[in-house]
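Asks: Numbering of the sequence shown is given in UniProt numbering, commencing with residue 1 and proceeding in unit increments.
Shown below is the structure under consideration.
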Amino acid sequence: MPLFWRIFLLNAVVLIAATALLLGPVTVSTPVLLTEASVLAAGLAAMLVANGVLLRVALAPLQRLGRAMTATDLLRPGARAAPGGHGEVAELITVFNAMVDRLEAERAASAARALSAQEAERHRIAQELHDEIGQTLTAVLLELRRVADHAPPVVREELSDVQETTRSSLDEIRRIARRLRPGVLEELGLARALKALAAEFNGPGLTVRHRAGADLPPLGQEIELVLYRVAQEALTNAARHSGARTVELSLRRVAGGVELRVRDDGRGLGGAAEGAGQRGMRERALLAGADLALGATPSGGTEVRLTVPVGPAGTAAPPLPPGTAR
């Protein structure tokens with residue numbers, strides 16, 4: 001039973017008992033006069049209504065706090081319970097908001113450490129793929145070519161097929177290494193890295209259109225990596241799960257920041273639960289102090305929009321403290 005009704009019913013029991021005593025042995029006159037009974041009944045009704053209204057007003061901050069607790073999501077920071085009430089109620093709301101601040105700060109710090117470790121591990125795996133497996137397959141390819149030059153025609157044809165398989169495997173390993181460690185991002189910058197990423201996803205069944213503004217401000221390596229990874233995850237989802245035929249990838253400067261938008265014409269999110277990829281995008285957005293919006297397009301597809309705030313000097317603004325709205 002809600003707290004409101006428990007307090008209300010307890011008060012009602014006390015008031016009804018008091019009225020019964022007045023109507024019984026403790027009364028002004030015996031037997032009870034009709035006018036006295038009417039006055040007492042009207043007084044009781046008025047007290048119950050007043051009691052209910054006052055309790056509703058007094059407990060309204062607790063109801064707002066309950067709704068805030070239900071809606072709190074550490075991957076969507078900023079929402080707080082509206083302060084209100086008096087005494088213990090106001091103190092409870094203040095303590096809850098402070099607790100959410102601490103949780104968001106700890107979540108952001110732990111996510112930063114996890115993503116940093118993830119990027120370091122990706123860098124290590126990409127390096128090993130390139131240096132170890134890539135070089136081994138290159139040596140195998142050269143050896144196959146040398147053997148094919150001295151082999152009989154029938155065997156040479158079979159070795160040619162093996163060479164093609166090895167060359168395809170080498171290209172696939174290089175492609176995986178590029179995805180794990182976007183060297184083009186470090187060498188050529190974000191705009192060209194996104195263009196190369198769009199070209200990588202272009203294929204027979206999917207067309208990726210890329211646009212980048214000419215007035216993009218400097219963002220810093222960490223912010224650029226966040227934008228690149230979010231674009232990579234959005235394109236991966238569009239290619240694997242949406243059934244889209246066309247995807248638009250754009251990066252432009254907007255009022256107060258830079259906006260990355262990935263829009264497809266696929267089947268949309270529907271009622272599917274949020275997956276690990278989407279949660280990963282939200283965690284990366286937290287690191288950049290950015291706003292991430294996932295929604296449907298007018299045509300029924302999916303749109304991913306990441307807005308990174310930019311400071312007045314043209315550099316990416318640092319993440320705000322937990323609970324602060326931009």
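Just so it is clear, CB atoms sit at the ideal spot from N, CA and C, and this is done for glycine as well.
What you are looking at is a predicted structure, and each value in this text was computed from that prediction instead of being measured.
Does DSSP classify residue 209 as helix, strand or coil?
Replies: Reduced to three states, the DSSP call for residue 209 is strand.
Asks: So within the region 152-197, which uninterrupted alpha helix (DSSP H) runs reach at least 4 residues, ignoring any that extend past its ends?
Replies: List check, alpha helix (DSSP H) in window: 153-180, 183-188.
Asks: How would you label residue 325, buried or exposed, when you count the other beta carbons within 10 angstroms and need 16 or more for buried?
Replies: With a pLDDT of only 39 at residue 325, under 50, the local geometry of the prediction cannot be trusted, and the value read off the model is given with reservation. So residue 325 counts as exposed.
Asks: For a test of the three-state rule: what should DSSP assign to residue 288, helix, strand or coil?
Replies: Coil.
Asks: Output the distance between the C-alpha atoms of residue 221 and residue 92, rounded to the nearest integer angstrom.
Replies: Whole-angstrom Cα-Cα distance: 41 Å.
Asks: Is the region 201-209 in contact with the region 236-250, if contact means three or more CB pairs nearer than 8 Å?
Replies: Yes, they touch.
Asks: Following the continuous alpha helix (DSSP H) through residue 146, name the residue where it begins and the one where it ends.
Replies: Residues 134-149.
Asks: Between residue 210 and residue 170, what straight-line distance do the alpha-carbon atoms span, to the nearest angstrom?
Replies: If you take the alpha carbons of residue 210 and residue 170, they lie about 27 Å apart.
Asks: Which residues share a DSSP beta bridge with residue 260?
Replies: Answer is 251, 306.
Asks: Taking 8 Å as the threshold (C-beta atoms), are residue 113 and residue 97 in contact?
Replies: Taking 8 Å as the Cβ cut-off, residue 97 and residue 113 do not qualify as a contacting pair.
Asks: Tell me the DSSP secondary structure of residue 115 in three-state form.
Replies: Of the three classes helix, strand and coil, the one that applies to residue 115 here is helix, per DSSP.
Asks: Helix, strand or coil for residue 70, going by three-state DSSP, please let me know.
Replies: Of the three classes helix, strand and coil, the one that applies to residue 70 here is helix, per DSSP.
Asks: Measure the C-alpha to C-alpha separation of residue 293 and residue 228 and round it to an integer number of angstroms.
Replies: Straight-line Cα distance between these residues: approximately 16 Å.
Asks: Buried or exposed: which applies to residue 69, given that a residue is buried once 16 or more other Cβ atoms fall within 10 Å of its Cβ?
Replies: By the neighbour-count rule (16 or more Cβ atoms within 10 Å), residue 69 is not buried but exposed.
Asks: Just verifying my parser: in three-state terms, what is the DSSP assignment at residue 296?
Replies: Correct three-state label for residue 296: strand.
Asks: In three-state terms, what does DSSP make of residue 203?
Replies: Residue 203: strand per DSSP, three-state reduction.
Asks: Where does residue 14 sit, in a helix, a strand or coil, going by DSSP?
Replies: In the structure shown, residue 14 sits in a helix (DSSP, three-state: H, G or I).
Asks: Take residue 224 as the anchor and find which of 255, 290, 50 has the nearest alpha-carbon.
Replies: Checking every option, the nearest Cα to that of residue 224 belongs to 290.
Asks: Do residue 41 and residue 64 have their C-beta atoms within less than 8 Å of each other?
Replies: Not in contact: residue 41 and residue 64 (Cβ atoms no closer than 8 Å).
Asks: Going by beta carbon distance, what residues of the same chain come within less than 8 Å of residue 192, once the five residues before and after it are set aside?
Replies: Here the set comprises 184.
Asks: Assign residue 327 to one of two classes, buried (16 or more other C-beta atoms within 10 Å of its C-beta) or exposed (fewer than that).
Replies: The structure shown does not extend to residue 327, since the chain spans only 1 to 326, so no value can be given for it.
Asks: Around the Cβ of residue 6, are there at least 16 other Cβ atoms within 10 angstroms (buried) or fewer (exposed)?
Replies: Residue 6 comes out exposed.
Asks: Can you tell me which residues form a DSSP beta bridge with residue 94?
Replies: DSSP lists no partner for residue 94.
Asks: Distance, Cα to Cα, residue 62 vs residue 89?
Replies: Cα to Cα, the separation comes out at about 7 Å.
Asks: Along the alpha helix (DSSP H) that carries residue 231, what are the first and last residues, could you check?
Replies: Taken as a continuous stretch (DSSP letters only), the alpha helix (DSSP H) holding residue 231 covers 221-240.
Asks: Could you check the C-alpha separation between residue 99 and residue 256 for me, to the nearest Å?
Replies: Each residue's Cα considered, the two are about 30 Å apart.
Asks: Specify the secondary structure class of residue 325 as computed by DSSP and reduced to three states.
Replies: Caution applies to residue 325, whose pLDDT of 39 falls short of 50 and renders its modelled position unreliable; the model cannot decide the point.
Asks: Taking Cβ to Cβ, would you say residue 195 is nearer than 8 Å to residue 214?
Replies: No, the Cβ-Cβ distance between residue 195 and residue 214 is not below 8 Å.
Asks: Quick one: measure Cβ to Cβ for residue 197 and residue 125, integer angstroms, because I've assumed they're closer than 8 Å.
Replies: The Cβ separation is near 19 Å, so there is no contact.
Asks: In whole angstroms, give me the CA-to-CA distance for residue 178 and residue 233.
Replies: Residue 178 and residue 233: Cα-Cα distance of roughly 14 Å.
Asks: Would you mind sorting residue 307 into buried or exposed? The rule is 16 or more other CB atoms within 10 Å of its CB.
Replies: Residue 307 is buried by the Cβ-count criterion.
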